[in-house]
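Add 20 to a position in the sequence shown, counting from 1, and you land on the number used in this note's numbering. Contents: one structure, followed by commentary.
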Amino acid sequence: MIVETPPQPDARKHGTPEARLQAECWANAWNHFPETRKLYFAVLNENEQSKYETKQQQRISGARRKSRGVVAGVSDSLLLLPRGQYHGACFEFKTHKGVQSDEQKEWQALVEGAGYYYCIVRDKDDFIAKFSWYLSLQNKK
Numbered sequence: 021m022i023v024e025t026p027p028q029p030d031a032r033k034h035g036t037p038e039a040r041l042q043a044e045c046w047a048n049a050w051n052h053f054p055e056t057r058k059l060y061f062a063v064l065n066e067n068e069q070s071k072y073e074t075k076q077q078q079r080i081s082g083a084r085r086k087s088r089g090v091v092a093g094v095s096d097s098l099l100l101l102p103r104g105q106y107h108g109a110c111f112e113f114k115t116h117k118g119v120q121s122d123e124q125k126e127w128q129a130l131v132e133g134a135g136y137y138y139c140i141v142r143d144k145d146d147f148i149a150k151f152s153w154y155l156s157l158q159n160k161k
């Protein structure tokens, strides 16, 4: 009898470490901060290329995303809930070694100048601390 082992999961199919961190943090927010449900969401702005696309197809899909308003540098998730002096919050997920691109730094400066809170999240505990801190801010009267 021949027994085959089942295919092993491909880590790449489960996303990057940053994507896994973002998913874990989003679930934490959904479960522990119900007042933020549907106001805290992901911005699917990344430029993941399919290995099956030709260079021409990649250029076309990039142009389509741009024509629909995709902007380089936008944070990974947004919380549309004003707190304290802020209009809302922007969360960028990075591994401990991850660094912001120039576009992300530009976008951070733009949104901070417009009155939004922006932070980089490195792990789940970091997210919980920053998310909780933001929600604890008292609104101006």
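Quick reminder that beta carbons are idealized off the backbone N, C-alpha and C, glycines included.
Straight through space, the alpha carbons of residue 54 and residue 65 are spaced by roughly 25 Å.
By the CB criterion at 8 Å, residue 114 and residue 38 fall inside the cutoff.
For residue 53, the secondary structure class from DSSP, reduced to helix, strand or coil, is coil. A straight-line Cα-Cα distance of about 17 Å links residue 60 and residue 131. Pairwise C-beta distances place the region 94 to 113 in contact with the region 149 to 159, as three or more of them are shorter than 8 Å. A residue is called buried when at least 16 other Cβ atoms come within 10 angstroms of its Cβ; residue 78 does not meet this threshold and is exposed. Within the model, the alpha-carbon separation for residue 153 versus residue 141 is close to 13 Å. One thing to note: residue 119 has its Cβ no nearer than 8 Å to the Cβ of residue 94. Setting aside the 5 residues that flank it on each side, residue 144 is surrounded in the same chain by 41, 44, 45 and 48, each with a C-beta closer than 8 Å to its C-beta; the list follows chain order.
Excluding sequence positions up to five before and after residue 98, its CB lies within less than 8 Å of the CB of 60, 61, 63, 108, 109, 110 and 111, all in the same chain and listed in chain order. Contact between residue 123 and residue 83 fails: their C-beta atoms lie close to 17 Å from each other, not under 8 Å.
Assignment of beta-bridge partners to residue 137 by DSSP yields 109.
Cα atoms of residue 80 and residue 56: separation of roughly 36 Å, rounded to the nearest angstrom.
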